[in-house]
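Reviewing the structure listed below.
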Amino acid sequence: MYKIVDYHVECDIPKKPKKITGTRFASILELDVWNTPFKTWCAITRTYEEPFTDNKYTIAGKIIEPKIINYLNKVYFFGDLKSPTDIYGADYFKKTHGDFFKNNDIFGGMWDAIEVEDKKVKTVIEVKTTKRAEDWENGAPEYYALQASLYAYLLGIDNVVMAGSFLEEKDYEHPEKFVPTIENTIIDQFKISERFPRFDAYFHRAFKWWEDHIKTGISSNFDDKKDADILKILRNTDVKLTDEELKELIVKTEKLEDEIAKLSKPLKNKEKELKKYRDQIKEIAKQNFKDKDKTVSIKGDRYEFITSKNEKTDVDKKSLEKDGLLEKYSKTNVSYRFNVKKLA
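Note that the sequence shown covers residues 72 to 415 in the numbering used here.
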């Protein structure tokens, strides 16, 4: 369960939170243009995470990235590359549950490939496919470079190679036909110590973020604009039926809702006709009000139709606001409207 308090969210401290992966690492450091620390907190604490659905971009990536690794292995690493399949076997995701760093309780994730020489890991390779070649004008974008750097740092090495292949629309339509070449694929090699000389500080900042926000169950502050989509979902609370008494109450209510719906269906046309007649009687009554009258009554044989007049004095809010008094004398009234919606 969670609750929104001011500009943050508080949840039950998760027993088994998700880890800080390479993609989440840059977000926590506020260096990812696509994600925010708050969105990452929601995912790690399992408060909310958008369900993953494949699209043409992810499908193309899955098909093309192994081709890029093979290309790198032939022209750049001369056979020294190892893929996750080489290390963990064909069902590597199922075997590792998407985490190659089981001994670390906080940081984890999956590298795309590693260079192994004399049984020692020398380099981490991260592969990306994109149609935004402009993002790679100065090498791999920072949030991608940080992702690979985290995995290299966790492995205790300094070398990273980023490979980015630039796709055209035809490549998304037929990714199986894509062939990596020097014209469509860029290789960006760097040392963490040179590109990110303060990487230790980044790592410890992410660790402190974990201590402050994951171990406490208190999120970092959200941004109403940047986090608007996820806040819309969180503010629309869906109570889970975990309590037995609540479950029983819902079952009884739903049964009665169905019974009443069946009974009331033939009455709808009658109710509509009745409302029309009542409105006509009300209009006649309004025409017969005298200056000091509070009610006008029209009697039939079996019913009395009473129309009441309520007068209230409205506050001139614009004048109060102009005089600087509106906020001072305003108060918030909380009311709850209960509605029942038939589910499909």
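Cβ coordinates follow ideal geometry from the N, Cα and C atoms, glycine included.
Quick check: what's the CA-CA separation for W207 versus E213? 10 Å
Just how far apart, CA to CA, sit V386 and W280? 48 Å
Report the three-state DSSP secondary structure of Y407 (helix, strand or coil). Summary for Y407: the model assigns pLDDT 48, below 50, so the residue's position carries little reliability, and this model does not support an answer.
Identity of the residue in D229, A272, L391 and H168 nearest I97 by Cα: Residue 97 is actually Ala in this sequence, not Ile. For A97, the nearest C-alpha among the options comes from A272.
Please report the residue range of the alpha helix (DSSP H) in which T167 lies. Y163 to T167
Whole-number beta carbon distance between G288 and E120, since they are thought to touch under 8 Å: Wrong, their Cβ atoms sit about 16 Å apart, outside the cutoff.
Going by alpha carbons, who is nearest to K191 out of I177, L226 and Q218? L226
Quick check on the burial criterion: 16 or more other C-beta atoms within 10 angstroms. Buried or exposed for P337? exposed
Bounding residues of the beta strand (DSSP E) (the contiguous stretch that carries G235): N230 to F237
Using three-state DSSP, classify V192 as helix, strand or coil. strand
Please state the DSSP three-state secondary structure of I377. strand
Reduced DSSP secondary structure (H/G/I, E/B, other) of T129: helix
Can you list, in chain order, the residues of its chain whose CB lies under 7 Å from that of K388, leaving out five sequence neighbours each side? L397
My guess is that K145 and I185 are in contact by the Cβ rule of under 8 Å, so how many angstroms apart are they, rounded? Not confirmed; about 16 Å, so no contact.
I91 beta carbon less than 8 Å from that of I99: yes
Classify I139: buried if its beta carbon has 16 or more other beta carbons within 10 angstroms, exposed otherwise. buried
Rounded to whole angstroms, how far is the Cβ of I263 from the Cβ of A234, which I believe are closer than 8 Å? 17 Å between Cβ atoms; not a contact.
Anyone know if the C-beta pair for F178 and F171 falls short of 8 Å? no
In terms of residues, what are the limits of the beta strand (DSSP E) holding E265? Looking at the DSSP string, E265 is not in any beta strand (DSSP E); the run it does join, the alpha helix (DSSP H), is I263 to R266.
Is A184 helix, strand or coil when you go by DSSP? strand
Of the choices V322, L334 and I257, whose alpha-carbon is the least far from that of Y142? I257
Which residues bound the beta strand (DSSP E) around T366? T366 to K370
If we call anything under 8 Å between Cβ atoms a contact, is E197 one with W182? yes
If I follow the unbroken alpha helix (DSSP H) through Y147, where does it start and stop? Y147 -> no alpha helix (DSSP H), and no H or E assigned at all.
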